[in-house]
Amino acid sequence: MAASDANSGCNDGDFPKGSGRPGLGHDVQYQYQGFWCFAKGIENVMDFQQNFKGLGSDLVIASVPKSGKIWLKALAFAIANRVRYPCSTSSKSYHHHPLLTVSPHDLVPFVEFKHIIPDHSFLDPQRRLIATHVPYPSLPESCKTDNFISMWLFMNKLRASPALASDSNPSLSIEEAIRHVLGYWKESLEKPHKVLFLKYEDLKKEPSTQLKRLAEFMGCSFSLEEERQGVIEDISRLCSFEHMKNLDVNKNGTWRKRIDNKVYFRRGEIGDWKNYLTPQMVNRLDCLMEEKLQGSGLVF
1 MAASDANSGC
11 NDGDFPKGSG
21 RPGLGHDVQY
31 QYQGFWCFAK
41 GIENVMDFQQ
51 NFKGLGSDLV
61 IASVPKSGKI
71 WLKALAFAIA
81 NRVRYPCSTS
91 SKSYHHHPLL
101 TVSPHDLVPF
111 VEFKHIIPDH
121 SFLDPQRRLI
131 ATHVPYPSLP
141 ESCKTDNFIS
151 MWLFMNKLRA
161 SPALASDSNP
171 SLSIEEAIRH
181 VLGYWKESLE
191 KPHKVLFLKY
201 EDLKKEPSTQ
211 LKRLAEFMGC
221 SFSLEEERQG
231 VIEDISRLCS
241 FEHMKNLDVN
251 KNGTWRKRID
261 NKVYFRRGEI
271 GDWKNYLTPQ
281 MVNRLDCLME
291 EKLQGSGLVF
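Written as structure tokens, this is what we have:
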């Protein structure tokens, strides 16, 4: 469907069922401008492309699905709001921290879902913290003046395993992911002051260093006093995979009343893919990634 079709509206019936693929929950995804999107969300993406007004001060978290975005959302929200919502368990207001009772997906809404942004009590109108799965080339021009935080989970090879199991189409999923991530990677090289590129593995291995990078990019660097008080460690603990996974909102809650929050929390371990993929599949995937990333400067 071309962007010029935006005013005509769209629904599930506008797409041949055979061209879709399963998504989360009961939704079906279809290709739109080279990326996969839920049929019900394409109209929202069109609206986003045509009508979204970037403020320049926006902070946009961008990544492919299942690349650790929910963790990055939690970290970014905690960093940006650490004065308003202290992360230390010794703070009297700690138990009122939004991350204890609200999903990170609700605290940092997707711009593709236009109905989520209005009247959202956690959005600072002067410094909006929002998210998107839309590839960089498909972003509206006004949005490209914003500041982007992009993250890629190299070792989450699970998302490519169904395609790798099929000789007829062995590289569809990973090619899509690489094409998406390279768009933001190239922008981070050309505009490092506007696009911060993070790797999930680096966040896991050296959280303090990466959180300092993230805070500095967001314009709210940690002070020496905060570092001495252990604020970075408090944020890391609050947003840790194990802590978030065991919160009631993430065990029993739902996102947009349709998707269980628990589906966003797997084991959160680097190299977990080894428990699910065969050596042959791993080798094919490694070769494919080396081929597609060659010359980009991005390594894994």
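Using UniProt numbering, the first residue of the sequence shown is number 1, and each one after it goes up by one. Beta carbons: idealized from backbone N, C-alpha and C, even for Gly.
Contacting residues, own chain, Cβ-Cβ under 6 Å from residue i (five flanking each side not counted)
| i | result |
| --- | --- |
| residue 298 | 185 |
| residue 180 | 64 and 135 |
| residue 198 | 151 |
| residue 106 | none |
| residue 191 | none |
Whether residue i touches residue j by CB criterion (8 Å)
| i | j | result |
| --- | --- | --- |
| residue 131 | residue 102 | no |
| residue 218 | residue 79 | yes |
| residue 74 | residue 220 | no |
| residue 49 | residue 138 | yes |
| residue 195 | residue 187 | yes |
| residue 72 | residue 151 | yes |
| residue 146 | residue 60 | yes |
| residue 241 | residue 232 | no |
| residue 148 | residue 62 | yes |
| residue 338 | residue 285 | Here the chain has residues from 1 to 300 only, and residue 338 is not among them. |
| residue 111 | residue 52 | yes |
Local conformation of residue i per DSSP, three classes
| i | result |
| --- | --- |
| residue 37 | strand |
| residue 85 | coil |
| residue 60 | strand |
| residue 270 | Caution is warranted here: a pLDDT of 49 is assigned to residue 270, below 50, making its placement in the model unreliable, and the coordinate value is therefore given only provisionally. Three-state DSSP puts residue 270 in coil, outside helix and strand. |
| residue 195 | strand |
| residue 113 | coil |
| residue 147 | strand |
| residue 294 | coil |
| residue 231 | helix |
| residue 181 | helix |
| residue 55 | coil |
| residue 189 | helix |
| residue 155 | Unreliable placement is indicated for residue 155, whose pLDDT of 41 sits below 50; the coordinate value is still reported in the next sentence. Of the three classes helix, strand and coil, the one that applies to residue 155 here is coil, per DSSP. |
| residue 28 | strand |
| residue 224 | helix |
| residue 132 | strand |
Outcome for residue i when other beta-carbon atoms lying within 10 angstroms are tallied against a minimum of 16
| i | result |
| --- | --- |
| residue 279 | exposed |
| residue 86 | buried |
| residue 228 | exposed |
| residue 83 | exposed |
| residue 69 | buried |
| residue 183 | buried |
| residue 283 | exposed |
| residue 129 | buried |
| residue 93 | exposed |
| residue 326 | The structure shown has nothing for residue 326, since the chain only spans 1 to 300. |
| residue 304 | The requested residue 304 is not part of the displayed model; the chain covers only 1 to 300. |
| residue 43 | buried |
Cut-off 8 Å between Cβ atoms - residues of its own chain near residue i, not counting five sequence neighbours on either side
| i | result |
| --- | --- |
| residue 235 | 75, 78, 79, 82, 87 and 211 |
| residue 96 | 85 |
| residue 249 | 100, 101, 102, 103 and 261 |
Spatial neighbours of residue i in its chain, beta-carbon cut-off 7 Å, leaving aside the 5 residues before and after
| i | result |
| --- | --- |
| residue 37 | 29, 30 and 45 |
| residue 175 | 292 |
* How about the region 54–71 and the region 136–153: do they share at least three Cβ pairs that are nearer than 8 Å? -> Taking one beta carbon from each stretch, the region 54–71 and the region 136–153 have 3 or more pairs nearer than 8 Å; the two touch.
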